[in-house]
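A.B. asks: Residue numbers for the sequence shown follow my numbering, beginning at 664 and rising by one.
Quick reminder that beta carbons are idealized off the backbone N, C-alpha and C, glycines included.
Dumping the structure here so I can ask a few things about it.
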Amino acid sequence: RASTVLPVVLLLCALYMTRRHLPETLLCSLYMTRRHLPETLHPGAAAPLSARALSPRCKVYGVEPEAGNDVQQSFRRGERVRIPTPRTIADGAQTPMVGELPFELIRRHVDDILTVTDAQLVEAMRFYAERMKMVVEPTGCLTLAAACHAGLDLRGRRVGVLISGGNVDLPRFAELLAS
Numbered sequence: 664r665a666s667t668v669l670p671v672v673l674l675l676c677a678l679y680m681t682r683r684h685l686p687e688t689l690l691c692s693l694y695m696t697r698r699h700l701p702e703t704l705h706p707g708a709a710a711p712l713s714a715r716a717l718s719p720r721c722k723v724y725g726v727e728p729e730a731g732n733d734v735q736q737s738f739r740r741g742e743r744v745r746i747p748t749p750r751t752i753a754d755g756a757q758t759p760m761v762g763e764l765p766f767e768l769i770r771r772h773v774d775d776i777l778t779v780t781d782a783q784l785v786e787a788m789r790f791y792a793e794r795m796k797m798v799v800e801p802t803g804c805l806t807l808a809a810a811c812h813a814g815l816d817l818r819g820r821r822v823g824v825l826i827s828g829g830n831v832d833l834p835r836f837a838e839l840l841a842s
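Following this line, the structure appears as structure tokens:
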């Protein structure tokens with residue numbers, strides 16, 4: 664089914680990502696890829712494919728919580744790695760092992776896998792809330808946290824940071840920001 668959805672998703676992504684506006688670096692949360700394949704192909708999961716199709720030089724980085732770095736370990740070993748279910752506030756990324764199809768897409772279209780701490784996720788949540796007036800769940804903050812803390816030199820570059828998810832209970836959101 665993904666093979667029939669993929670061209671449509673790539674086309675939709677291409678409509679808003681013109682060559683002039685394509686980032687030189689794209690940060691995407693891996694949970695979008697893991698959770699939505701193979702049943703459907705989420706537009707967020709298609710972003711690395713779209714970026715590569717339109718701009719082959721674009722660097723694509725996946726991001727996941729440091730406590731649950733199954734994809735990073737898998738990526739570096741060249742084979743899927745199973746870990747215990749991670750303890751992280753990024754509950755959308757609490758998976759013990761990346762799926763086969765997502766792993767193949769990640770191996771082909773992602774340059775590296777970055778990780779961030781829960782404290783960095785809270786800092787990104789606070790930034791979105793205070794500066795952008797957005798409620799973003801911890802998992803949706805993976806990309807901004809990586810842009811700020813993962814050690815990439817992004818100065819002077821066009822950087823795409825995919826934001827997703829407002830699926831957070833407001834009392835929990837307030838509790839995390841108060842910590």
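If C691 sits next to T806, beta carbons under 8 Å apart, how far is it from one beta carbon to the other, in whole angstroms?
C.D. replies: At roughly 6 Å, the Cβ-Cβ gap stays under 8 Å, so C691 and T806 are in contact.
A.B. asks: Starting from E727, trace the beta strand (DSSP E) both ways and give me its first and last residue.
C.D. replies: It spans K722 to P728 - the beta strand (DSSP E) in which E727 sits, taken as one unbroken run.
A.B. asks: Answer yes or no: do S737 and V773 have a C-beta to C-beta separation smaller than 7 Å?
C.D. replies: No; because the gap between Cβ atoms is not below 7 Å, this pair is not in contact.
A.B. asks: Grab me the residues of L840's own chain with a C-beta within less than 8 Å of its C-beta, minus the 5 sequence neighbours each way, in chain order.
C.D. replies: V785, M788, R789 and A792, listed in sequence order.
A.B. asks: Please list, in chain order, all residues of the same chain as T780 whose beta carbon is under 7 Å from its beta carbon, the five residues on each side excluded.
C.D. replies: Correct list, in chain order: E729.
A.B. asks: What does a CB cutoff of less than 7 Å around P759 pick up in its chain, not counting 5 residues either side in sequence?
C.D. replies: The residues are D733, R745, I746, P747 and T748.
A.B. asks: If you compare alpha carbons, which of P765, T802, A810 and Y724 is closest to V831?
C.D. replies: The option with the nearest alpha carbon to V831 is T802.
A.B. asks: What's the C-alpha gap between L768 and R820?
C.D. replies: Whole-angstrom Cα-Cα distance: 25 Å.
A.B. asks: Just to check my reading of the structure: L739 and F766 have Cβ atoms closer than 8 Å, yes? What is that Cβ distance to the nearest angstrom?
C.D. replies: For the sequence presented, residue 739 should be read as Arg rather than Leu. So it is not a contact: roughly 12 Å between Cβ atoms.
A.B. asks: Closer than 7 Å, CB to CB, is G828 near chain C or not?
C.D. replies: Of the protein chains in this structure there is only one, and it is not chain C.
A.B. asks: How long is the line joining the alpha carbons of R750 and E800, rounded to whole angstroms?
C.D. replies: Between R750 and E800, the C-alpha separation is close to 16 Å.
A.B. asks: Would you report the Cα separation of L777 and G829, rounded to the nearest angstrom?
C.D. replies: Cα-Cα distance, rounded: 22 Å.
A.B. asks: Residues in the same chain with beta-carbon distance under 6 Å from A813, minus the five sequence neighbours each way, listed in chain order, please.
C.D. replies: Once the five neighbours on either side are set aside, the close Cβ partners of A813 are L777.
A.B. asks: What would DSSP say about I776, mapped onto helix, strand or coil?
C.D. replies: Here I776 sits in strand by DSSP.
A.B. asks: Who are the near neighbours of V726 in its chain, counting only those whose CB is closer than 8 Å to its CB and skipping five residues on each side?
C.D. replies: Cβ within range, chain order: L690, C691, S692, L693, I776, L777, T778, V779, L805, T806, A808, A809 and A813.
A.B. asks: What does the Cβ neighbour count give for L712, buried or exposed, with the cut at 16 atoms within 10 Å?
C.D. replies: Classification of L712: buried, given that the 10 Å Cβ count is 16 or more.
A.B. asks: Out of I752, G741 and R771, which one is the CA nearest neighbour of A716?
C.D. replies: A716 has its Cα closest to that of R771, out of I752, G741 and R771.
A.B. asks: Less than 7 Å between the beta carbons of A710 and G731, yes or no?
C.D. replies: Their beta carbons are not under 7 Å apart, which means A710 does not touch G731 by this criterion.
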